[in-house]
Every structure is written in structure tokens, then in C-alpha cells.
Amino acid sequence: MASMGKRGKLLLFCLKTTTAQMKIEVAQQLLHLASSGRRRRGRGHPAANSQRAPTTAFLALHGLPAVGLGSGEAAGTSRMLAPPHRTAHKHTSFASMASKATTRTKHVVLFPFPGQGHLAGFLAIARLLVHELPHAAVTLVSTPRNVAALRSSLPAESSSSIGFHALPFVPADHGLPPTCESLSSLPISAFINLLEAFETLEPAFDDFVSHLRRDGDVCIVADVFVSWTANVARRHGCAHAVFVSCGAFGTAIYHALWSHMPSLPPFDSDDGTLRLPEHPGVAIHRTQLSPGFLLRGEQSHRRMAFYQRITRHGHRTDAVLANTVEALEPTGLAMMRRALGTKVPVWPIGPLVRGGDTTMMATDSPETDDEAVLRWLDMQPPSSVLYISFGSQNTIQPSQMMELAAALESTGRPFVWAIRPPVGFDIAGEFRDDVWLPEGFAARALADGRGVLVRGWAPQVRILGHGATGAFLSHCGWNSVLESLTHGVPVIGWPLGAEQFYNASMLEHEWGVCVEVARGNLPTSAVVGRAKLAEAVEAVMGDTPESAAMRRRVAEVQQVMRSAWAEDGGSSRTAMHEFLRAMHLK
Numbered sequence: 001m002a003s004m005g006k007r008g009k010l011l012l013f014c015l016k017t018t019t020a021q022m023k024i025e026v027a028q029q030l031l032h033l034a035s036s037g038r039r040r041r042g043r044g045h046p047a048a049n050s051q052r053a054p055t056t057a058f059l060a061l062h063g064l065p066a067v068g069l070g071s072g073e074a075a076g077t078s079r080m081l082a083p084p085h086r087t088a089h090k091h092t093s094f095a096s097m098a099s100k101a102t103t104r105t106k107h108v109v110l111f112p113f114p115g116q117g118h119l120a121g122f123l124a125i126a127r128l129l130v131h132e133l134p135h136a137a138v139t140l141v142s143t144p145r146n147v148a149a150l151r152s153s154l155p156a157e158s159s160s161s162i163g164f165h166a167l168p169f170v171p172a173d174h175g176l177p178p179t180c181e182s183l184s185s186l187p188i189s190a191f192i193n194l195l196e197a198f199e200t201l202e203p204a205f206d207d208f209v210s211h212l213r214r215d216g217d218v219c220i221v222a223d224v225f226v227s228w229t230a231n232v233a234r235r236h237g238c239a240h241a242v243f244v245s246c247g248a249f250g251t252a253i254y255h256a257l258w259s260h261m262p263s264l265p266p267f268d269s270d271d272g273t274l275r276l277p278e279h280p281g282v283a284i285h286r287t288q289l290s291p292g293f294l295l296r297g298e299q300s301h302r303r304m305a306f307y308q309r310i311t312r313h314g315h316r317t318d319a320v321l322a323n324t325v326e327a328l329e330p331t332g333l334a335m336m337r338r339a340l341g342t343k344v345p346v347w348p349i350g351p352l353v354r355g356g357d358t359t360m361m362a363t364d365s366p367e368t369d370d371e372a373v374l375r376w377l378d379m380q381p382p383s384s385v386l387y388i389s390f391g392s393q394n395t396i397q398p399s400q401m402m403e404l405a406a407a408l409e410s411t412g413r414p415f416v417w418a419i420r421p422p423v424g425f426d427i428a429g430e431f432r433d434d435v436w437l438p439e440g441f442a443a444r445a446l447a448d449g450r451g452v453l454v455r456g457w458a459p460q461v462r463i464l465g466h467g468a469t470g471a472f473l474s475h476c477g478w479n480s481v482l483e484s485l486t487h488g489v490p491v492i493g494w495p496l497g498a499e500q501f502y503n504a505s506m507l508e509h510e511w512g513v514c515v516e517v518a519r520g521n522l523p524t525s526a527v528v529g530r531a532k533l534a535e536a537v538e539a540v541m542g543d544t545p546e547s548a549a550m551r552r553r554v555a556e557v558q559q560v561m562r563s564a565w566a567e568d569g570g571s572s573r574t575a576m577h578e579f580l581r582a583m584h585l586k
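To convert, note that position 467 of the sequence shown is 467 in the numbering used here; the numbers rise steadily by one, no gaps.
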């Protein structure tokens, strides 16, 4: 170290009085001087070959980070752990280092759960934060395959402003398929395996947050399914918020139900409903409960234990962000706030995916297929087309698929159907028209130009935003609900699981923008016949006073959603700014 000369000694003297931020800069200066000495001596010089280890050991002795070291130069140190948007300053003066010593980087770490709707919300939040906090470092964290998917889903101008960090993850260690890191490649029955596997990421995430804390303040925004991150935040003195991608009403009911497990409140013997003590004004029918609430077994027990854990974590967070609008869900938001108490504020910041936003709509289909659907829509009359989709991970029974196809033919209305194999088959597999649809159905739709079958993924936001689309037959997943209403499209509800039942109920009975036609997709679920399905389509799309009134209400809801992010005091824009101030980010 003597070869560093007077400048090196001055830097060493300053170690006793510097802050953590300044120590990082000092470490960079020492490494620069040491490496300069090695270059002058040449690779063959003995001192050049022996310099590396003493320098690393010296930095560790004085509590300095091994910044700027390449692979193998500091055991356990990886370039992936470098704080985002920071580069080594090779020629920084000591005076400039002193001025920077009092400036701490503000880090916002976003940790989504890898489900389609969850990821889309976090990408929208990331873009919002880059806009609102131009001097902060925004980083998306997940497992390697999810990080790659997130990075490729962002437009170039956004991805260059957002950092990414991959946590090590081996799916096979958790009984998952070797390449499985998201819900898209799992049947619903196996979701619990991935939920539990993500809990094991806590040590690696802890290490990452610990590293960021060395040079700045950290705010963690985590998906409700990774709310264990609140433990990491507490250990390191970080701000923490949970993001809820579902609606407030559905979330409040769903978590209340799980908190009562394994014994739900008793059902009323007359009408088959139950009431929750936390929400006495809400009646839940037996048919609105997912199988996990009614069945017993290992998987049900594991799901119950998991949901009870995340409910406990939710009470340890500093705030909750909800993808909803204050004026749309006053009841649901009041229920959430009552459950969380006054110490955990709830800020509604939706809708996060607004008109024309197609981020996270990556598809396995060629782009030309998307354009073909849109060109077909261009040829249809305004508000004449029924769009059908049960989401990225849901489908219906084979018998129900037959009845739905027959209903479509009986109405004679044009349709776009994002079709997937029925329950009991690989949802990502090949769709067999000859087995799961009435004989000749697909050929007739094609020949008549009356319908389009999209096999697998469909450009949903663009379809709902097209003027020809007049109604949406949906499973009532929250993102689908928001996308439909943002574009002024009424809903025919067919909830299949989770909180979708409560979303559909709210859409129909509180907002008046939906007709619920069926519930569930179990073999024991009652088959809804073609006549009832056709009747529901006409109730929403027909030329009746009732359907006209529904379309007016949808237009009103659309306006409320649009105004939520208005520049002049929109409720969601205001809530976002209040959240950033509360987290000391603005």
C-alpha cells in the first residue's frame, strides 16, 4: 500500500471520519491507485500479482465495500449486487467526495409476484415512479426468468431508467418444473408450490436490501403475495408498502374468509349464505366460495396457512397501495381500512393500466395474428362484438364450452373468443375444435366471417379499446374488470374462483354494469344452458331500455376512472403523491 504515495495516505487518514457513502468513494479511489500501480509494474512483476488479495482484505478490515471488483476478485461479491444507476468515478476529487458524503441515494425496490395481472401492475408503478422521482433509483426484483421477462416487456425508453435485480432461484429445489418461475406454466392446483417457494427468497432479498442501505434510503413496494418482505424492511429500517392488485371489496372479503379458516362461520340453512363478523353487511353464498374454503386436505391446509401468514405480514407494513379508485369502491376501501386499522393507510392509485397501455401483453402468437383480429374488428359495426376471455389461467368445463358455443350461434352476434383447452386438460396445450366444440362450429364461424377464435393469448386491451366491442364475457378478474370499464365496455360475469365472485357481485348489484350468468368451473357446478347464456348476452347487448341504462352507467364509471388520474387533482394522482411524501420519497 506504500506505493500509493501521499494521495493514498490522505485517503487512508480520512477513513476515521467519513460516512458510509464517503467510504464507498474512498474505496474506489484506493482501488484506482492500487490498480494504477499494478499497470505500471506490469503483469510479470511480483508486487502486481500479490496486490489483489491484500487490497481486498484491507478494504474489508476498514469496513469498506469491495466496489468495482471483477469476478473472482472478492469472494461472494457479484456485479448484480451493485446499486442500480451507480458507476465508479475513476477520477473524483476529494473535495467532490466530501460534498457527496451528505447525499444519500433514494432507492425504491419493487418486488412483484409472477402472475400476469400482478406483473402488469408493477410495471405501471415502475414507470410512474421514474416519472415522479427522476433522481431516485427504481429497481424491479424477481427471479432470473421473471427479470428477463420484465426487462423485455418494457419499452426501451422505460427500461433504460429502471434497474433490475435477479434473486437466485432453482425451481427444481421446490418440486417445480425446471423452468417454472411464474404462474403461467402451472395449473391452479399447483399455485401453492410457487407461493411457498417464493418465501424462501427472503435471505437473498435481505442481502440485496442490506447492500442498498449502505449508500442510501430504501423503500420496498411488494406484492401482497410476497408481503414477507416487511420482515426485511424492519430489519434494515426501510419503508415498506404492500401493493394489492385486486379490488378492495374482493380483497377485504377474501382475506377475512381465510382468517377464519379452518372453520368458517355457519351457513344459514335457509338460503346457504354466511356472514362475516368483520363485515356484517355482506352476505356470501356457498357458490361464491373457492374449493379451498370447502374442501379438506393437504393443499387446502397449505393454502390456509399461507394466506394467514400474508395477512399477518400485512399488518406489519407501513402502507397499502390498491389498484382501485376511491369513488368506485368506497365500501371496499372502508372494509380494508377497518381491517388494517389506523396505523396502515390505504392509498387507492388505480387504474394503473389505462386506455391504450399494452405493456405486459407479450404473446406467443405472431404479431400478424394480433393485427388480423384488429382488422376483423375494423369491419364490424360499432358496439356489436362480444369479446370472451376467462383470463390467462382459467378455463371452463368441456360441457360448458359446448353450451357457450351453441349460445353464440343462436344469438348470431359477432364474437372474438380467446379460447383455451377446458378444465382437465393442459391450459397451454393445443385446442381441439373437433373434441371441445360443436361439430363444424369453427369452420362455420370462419366461413360466415361472424366470429374469430384466438387460440391462447389475445390482445385484450386493444380489443376492449376498439369501437366495435360491445360487451365482455369475463371471469371478472380485477385487471380484466378495470380494462373493460376503462374502455366503457359492460360485463357479462362468469366468476371462476378466488375474489372474482365478489367482483362480479359488486359490478352487478352496486355499479349496475354487469349481468352475472354463471359461477365456478367445478365438475359439480351446475351446467348453464345455451338459452340462459344467450339471454344474458341479449340483456347486455340488446336494444332494450335495461341494456341502454347499463351502457349509460358504464359510461359514467368510465368517466370516474379517467378522472382519477386527472392533472388537476385526480384522486389517484393525489393519493400517489401523498404516498410518496409519507414514504419520504418526495
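From the three backbone atoms N, C-alpha and C, an ideal C-beta is built for every residue, glycine too.
This one's a predicted model, so the numbers in the text were calculated from it and none came from an experiment.
Residue i CB to nearest heavy atom of the ligand MN below 7 Å
i, result
"HIS174", "The ligand content of the structure shown is nil, which means the ligand MN is not present either."
Rounded C-alpha distance that separates residue i from residue j
i, j, result
"PHE169", "PRO381", "50 Å"
"THR466", "PRO422", "With the sequence shown as reference, residue 466 is identified as His, and Thr is not the correct amino acid for it. Going from the Cα of HIS466 to the Cα of PRO422 covers about 27 Å."
"ALA204", "THR229", "11 Å"
"LEU522", "ASP318", "39 Å"
"VAL578", "GLY569", "Correcting the residue type first, residue 578 is Glu in the shown sequence and not Val. If I take the Cα positions, the gap works out to 12 Å."
"THR486", "GLY412", "27 Å"
"PHE243", "GLY424", "32 Å"
"ASP378", "TRP457", "20 Å"
"MET335", "PRO495", "22 Å"
"ALA120", "ASN394", "18 Å"
"SER572", "VAL282", "26 Å"
"GLU181", "LEU150", "13 Å"
"LEU490", "GLU483", "Residue 490 is actually Pro in this sequence, not Leu. Rounded to whole angstroms, PRO490 to GLU483 spans 11 Å at the Cα level."
"GLU535", "HIS475", "18 Å"
"SER599", "SER399", "What is shown of the chain runs 1 to 586, which leaves residue 599 out entirely."
"HIS285", "LEU294", "12 Å"
"SER392", "ASN323", "19 Å"
"PHE191", "MET583", "32 Å"
"MET506", "ALA442", "34 Å"
"GLY297", "LEU264", "16 Å"
"SER184", "LEU110", "20 Å"
"ARG444", "VAL435", "16 Å"
"PRO351", "GLY477", "14 Å"
"ALA549", "ASN503", "20 Å"
Cβ neighbours of residue i in the same chain (closer than 8 Å, five flanking residues each side left out)
i, result
"VAL130", "VAL138, SER158, SER161 and ILE162"
"MET576", "LEU128, GLU132, TRP347 and ILE349"
"HIS118", "PRO112, ASP223, PHE225 and SER245"
"ARG530", "GLU403, LEU404, ALA406, ALA407 and SER410"
"THR311", "HIS255, TRP258 and SER259"
"GLU508", "GLY493, CYS514, VAL515 and GLU516"
"HIS315", "LEU340, GLY341 and VAL344"
"GLN558", "LEU485, THR486, HIS487 and GLY488"
"ASN231", "GLU202, HIS313 and ARG316"
Residues bridged to residue i [DSSP beta-bridge criterion]
i, result
"ILE666", "Nothing can be reported for residue 666: it is not among the residues displayed for the chain, which extend from 1 to 586."
"LYS106", "ASP217"
"GLY163", "THR139"
"TYR387", "VAL416 and PHE472"
"TRP347", "LEU321"
"ALA372", "In DSSP, ALA372 forms no bridge with anything."
"ALA222", "PHE111 and VAL242"
Cβ-based neighbour list, residue i, same chain, cut-off 6 Å, excluding 5 preceding and 5 following
i, result
"TYR387", "VAL416, ILE463, THR469 and PHE472"
"VAL108", "LEU129, ALA136, VAL138 and CYS219"
"GLY497", "SER290"
"LEU437", "ALA405"
Neighbourhood of residue i by C-beta, 7 Å cutoff - its chain only, sequence neighbours within 5 removed
i, result
"ALA82", "For ALA82, the predicted structure reports a pLDDT of 39, less than 50, and the residue's modelled location is therefore unreliable. A value from the coordinates is still provided. So the list is empty, once near-sequence residues are dropped."
"PHE431", "ILE419, ARG420, PRO421 and ARG455"
"LEU176", "ASN193, LEU194 and ALA197"
"THR143", "ALA166, LEU167, PHE169 and GLU181"
Chain D contact for residue i (CB, 8 Å cutoff)
i, result
"GLY488", "In the structure shown, chain D cannot be found, because there is only a single protein chain."
Check your understanding: Does the count of Cβ pairs from the segment 228-243 and the segment 199-218 closer than 8 Å reach three?
Key -> Short answer: they touch.
Exercise for review: Entirely within the segment 402-464 and at least 3 residues each: give me those beta strand (DSSP E) ranges in chain order.
Suggested key: Within the segment 402-464, the complete beta strand (DSSP E) runs of at least 3 residues fall at 415-419 and 451-455.
Check your understanding: Touching or not, the segment 182-201 and the segment 287-306, by the rule of three or more beta carbon pairs under 8 Å?
Key -> Verdict: yes, contact present.
Check your understanding: If we count Cβ pairs, one from each stretch, closer than 8 Å, do we get three or more for the segment 512-520 versus the segment 545-563?
Key -> Cβ pair count under 8 Å is three or more, so yes.
Practice item. Quick one: which unbroken beta strand (DSSP E) runs of 3-plus residues sit fully inside the segment 231-307? Chain order, please. Key: 239-244, 273-276 and 279-285, all fully within the segment 231-307.
Review point. Do three or more CB pairs link the segment 324-342 to the segment 240-259 at distances below 8 Å?
Key: Three or more pairs of CB atoms, one per stretch, sit closer than 8 Å, so the segment 324-342 contacts the segment 240-259.
**Study point:** Complete alpha helix (DSSP H) runs within the segment 525-584 (minimum length 4 residues, chain order)
**Key:** For the segment 525-584, whole alpha helix (DSSP H) runs of length 4 or above, ordered along the chain, are 530-541, 545-563 and 571-582.
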